[in-house]
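Chains as they are written, first to last, in this note's numbering: chain U, 105 to 448; chain Z, 4 to 138. Have a look at the structure below, then the notes.
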Amino acid sequence: MSSEVTAAGKPFIHHHSAHCESGATSALFRDKGVEISESMIFGIGSGIYFGHLPFIKWVGLPITTFRSRPGTLFAKAAKRIGGKFFTKRYHSAKKGMAELRRVLSEGHIVGLTTNIYWLTYFPNRFRFQFNGHNIVVLREIENGFRVSDPVLEYPVDCLTEDMERARFARGPLEPRGFMYYAENVPLNPDLRLACIAAMKDTCKMMLRTPFPFVGIRGMRYLAKKTISSPDKLGFKEACRRLANIVRMQEEVGTGGAGFRFMYAAFLQEAADLFASAELSQLSKEMTAIGDIWREFAVVSARIIKQRGQPEETFEKAGGLMLICAGREEQLFRDLDKIARTLKA
Amino acid sequence: MKAQKELTMELEDEIFNDGLPKAYYKHNDNGQYVLETNAPWAEKVSCALIIAGNRANLEEIRKAVLAGQKSPLCYHMEMRQMDPGMLAKAAGIAGFRVKRHLRPEIFAKLKLSVLNRYTKALRVTLEELKTVPNS
């Protein structure tokens, strides 16, 4: 936490968050006077997900995701809480930058979708071509912008050139200068209604999906694929795939265990909101599932490190994933039932 | 084998010692969730493996360029962690042409206007684009 000043001269408190999109969205709400935590936004935006997309390759590796598609978290959270947001994409980089300056000079803080590779204030390990990183711009400074990056502990400076490149990067999921700021936010939003809608939506996405690659079915699919991967791909390539899964689970701003801990934090907050013992129980269950995901990550890391323990095998890693799938399925079924009984 | 192990250990420490920690959710003693900044071990290992893989790949390509098997464009594309499709979009050149330009004999004959598109897309100077670093 550290305080800053926005272009309008208002104080802005930077909160360190685990995930970029929920962090940026909650920063925009907080700036308008709605105290809302990152995990709450994450839950209301239905951020938790699972998907394994073998047909979309990214630097030669299939994509495994533990979160919903970039952009949907913000859109859903804004809609359910009832805020009116200005959102726009631009064809011309020049126009996009001019608009950003204009909006900043009006005293708004602005959320932007950027490419994380071209933001040079990040150290090397963060930087890879990913077009869904969200940041909050506070004000313009000499040849650059003051940026509150939710993933970092403190606000940083960003050069104009970097910013333009990052906003208008090309490739999959192009941000095309996507920019959003709050125009009008209700001061006392009905969080209970928003939570119920979000929980139902999350259960639908995880349980009732027509595609075999997403939700609980996706988890089972990936688990089976992981078990057979060393025979099919060879040990080295299988290790790379496994490392990629662990990286997606732990590294890219998930708050640990592929967003499962963050969702448990949301369930805990929701339990307080509804004074519901059942939700509190589910939060504990989600934490336990997160611990199994962590264990999966540790087993995978041991396989990758080739620590020589014969008990750490791909079968064990895949088995842990299957356990996660089974327990998460039960959890979301329970959550679906509970969400239907809650009163707004 | 032992030397290699130490090398990856060093890499883990090196890439995570930059003073910019990420936040992780964690249970505290009262059962409440709080944020902490210690990266889990599994993350360090997988991140180090991927980065080591990228570096090794880049080094291999650098040697291939020096041996005349690949064009310097291939090296710079890999350095920016792009693939031909992304570079094609960023430079505004058709994908099949970008793939052709990865061959050294074709890259050597490129016009300045085409090279300038690549320098802009990859954010390198013209001299850098035509060569690869010596080490």
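Just so you know, even glycine gets a beta-carbon here, dropped at the ideal spot from N, CA and C. Since this is a predicted model, take the numbers as computed values, not measurements.
{"Query": "Simplified DSSP state of LYS25(Z), which is helix, strand or coil", "Result": "coil"}
{"Query": "Helix, strand or coil at MET85(Z) according to DSSP, with G and I counted as helix", "Result": "coil"}
{"Query": "Below-9 Å beta-carbon distance, VAL255(U) vs any chain Z residue", "Result": "yes"}
{"Query": "Close beta carbons around PHE190(U), own chain, < 6 Å, minus the five adjacent residues each side", "Result": "TYR285 and GLU287"}
{"Query": "Backbone CA spacing between LEU371(U) and GLU432(U) [nearest angstrom]", "Result": "14 Å"}
{"Query": "Rounded distance between the beta-carbons of MET366(U) and GLY359(U), thought under 8 Å", "Result": "4 Å"}
{"Query": "Extent of the continuous beta strand (DSSP E) run through LEU38(Z)", "Result": "36-39"}
{"Query": "Residues, ordered as in the chain, of the stretch 229-240 of chain U that lie near chain Z by beta-carbon distance below 9 Å", "Result": "ARG229, PHE230, ARG231, PHE232 and GLN233"}
{"Query": "Chain U contacts made by the stretch 46-58 of chain Z, where a contact means CB separation under 9 Å", "Result": "GLU46, LYS47, VAL48, SER49, CYS50, ALA51, LEU52, ILE53, ILE54, GLY56 and ASN57"}
{"Query": "The stretch 229-241 of chain U touching the stretch 276-285 of chain U, judged by at least three CB pairs closer than 8 Å", "Result": "yes"}
{"Query": "Opening and closing residue of the alpha helix (DSSP H) in which ALA179(U) lies", "Result": "176-185"}
{"Query": "9 Å Cβ cutoff met for GLU142(U) and HIS123(U)", "Result": "yes"}
{"Query": "Cα-Cα separation, THR445(U) to SER126(U)", "Result": "27 Å"}
{"Query": "CB contact flag (SER333(U), SER49(Z), <9 Å)", "Result": "no"}
{"Query": "GLN72(Z) classed as buried or exposed, judged by whether at least 16 other C-beta atoms fall within 10 angstroms", "Result": "exposed"}
{"Query": "Alpha-carbon to alpha-carbon, LEU204(U) and LYS198(U)", "Result": "10 Å"}
{"Query": "Other residues of its chain near ARG106(Z): CB distance less than 7 Å, five sequence neighbours each side excluded", "Result": "SER74"}
{"Query": "Same chain only: Cβ atoms within 8 Å of ALA448(U), ignoring 5 sequence neighbours per side", "Result": "ASP294, ARG296, LEU297 and ILE300"}
{"Query": "GLY186(U) versus LEU216(U) - alpha carbon distance", "Result": "20 Å"}
{"Query": "Local Cβ density within 10 Å of LYS47(Z), reported as buried at 16 or more and exposed below that", "Result": "buried"}
{"Query": "Touch test, the stretch 83-95 of chain Z against the stretch 114-130 of chain Z, Cβ-Cβ under 8 Å, three pairs minimum", "Result": "yes"}
{"Query": "CA-to-CA distance, MET267(U) to MET4(Z), given in whole angstroms", "Result": "Low confidence applies to MET4(Z): its pLDDT is 39, below 50, so where it sits in the model is not reliable, and the reading given next is rough at best. For MET4(Z) and MET267(U), the distance between alpha carbons rounds to 43 Å."}
{"Query": "9 Å Cβ cutoff, ALA122(U) in contact with chain Z", "Result": "yes"}
{"Query": "Chain-order list of residues whose beta-carbon lies under 7 Å from that of THR218(U) (same chain, five-residue window excluded)", "Result": "HIS237, ILE239, ALA270, ARG271 and PRO279"}
{"Query": "Reduced DSSP secondary structure (H/G/I, E/B, other) of TRP222(U)", "Result": "coil"}
{"Query": "Cutoff 8 Å; reference LEU337(U); Cβ partners in own chain excluding five residues on either side", "Result": "ARG345"}
{"Query": "Identity of the residues DSSP links to PRO166(U) by a beta bridge", "Result": "LYS161(U)"}
{"Query": "For GLU257(U) and PRO43(Z), believed in contact at Cβ under 8 Å, the rounded distance", "Result": "The pair is not a contact, with the Cβ atoms about 18 Å apart (cut-off 8 Å)."}
{"Query": "Rounded straight-line distance, which links the Cα of VAL109(U) to that of GLY281(U)", "Result": "24 Å"}
{"Query": "Short CB-CB distance (under 9 Å) between GLN84(Z) and chain U", "Result": "yes"}
{"Query": "Beta-carbon proximity list for ARG103(Z), same chain, < 6 Å, skipping 5 on both sides", "Result": "ILE109"}
{"Query": "Which listed residue (TYR325(U), ALA128(U) and LYS188(U)) has its alpha carbon closest to that of HIS156(U)", "Result": "TYR325(U)"}
{"Query": "Residue-chain proximity (LYS5(Z), chain U), Cβ-Cβ < 9 Å", "Result": "Confidence at LYS5(Z) is low in this model, with a pLDDT of 43, below 50, so the placement of that residue should be treated as unreliable; the coordinate-derived value is given next. Cβ-Cβ to chain U under 9 Å: no for LYS5(Z)."}
{"Query": "Residue nearest to GLY151(U) in terms of C-alpha spacing, selected from LYS304(U), LEU377(U), ALA112(U) and PHE159(U)", "Result": "LYS304(U)"}
{"Query": "Beta-carbon proximity list for HIS120(U), same chain, < 6 Å, skipping 5 on both sides", "Result": "GLU257"}
{"Query": "Short-range partners of chain Z found in the stretch 356-379 of chain U, where Cβ spacing is below 8 Å", "Result": "GLY357, GLY359, GLY360, PHE365, MET366, ALA368, ALA369 and GLN372"}
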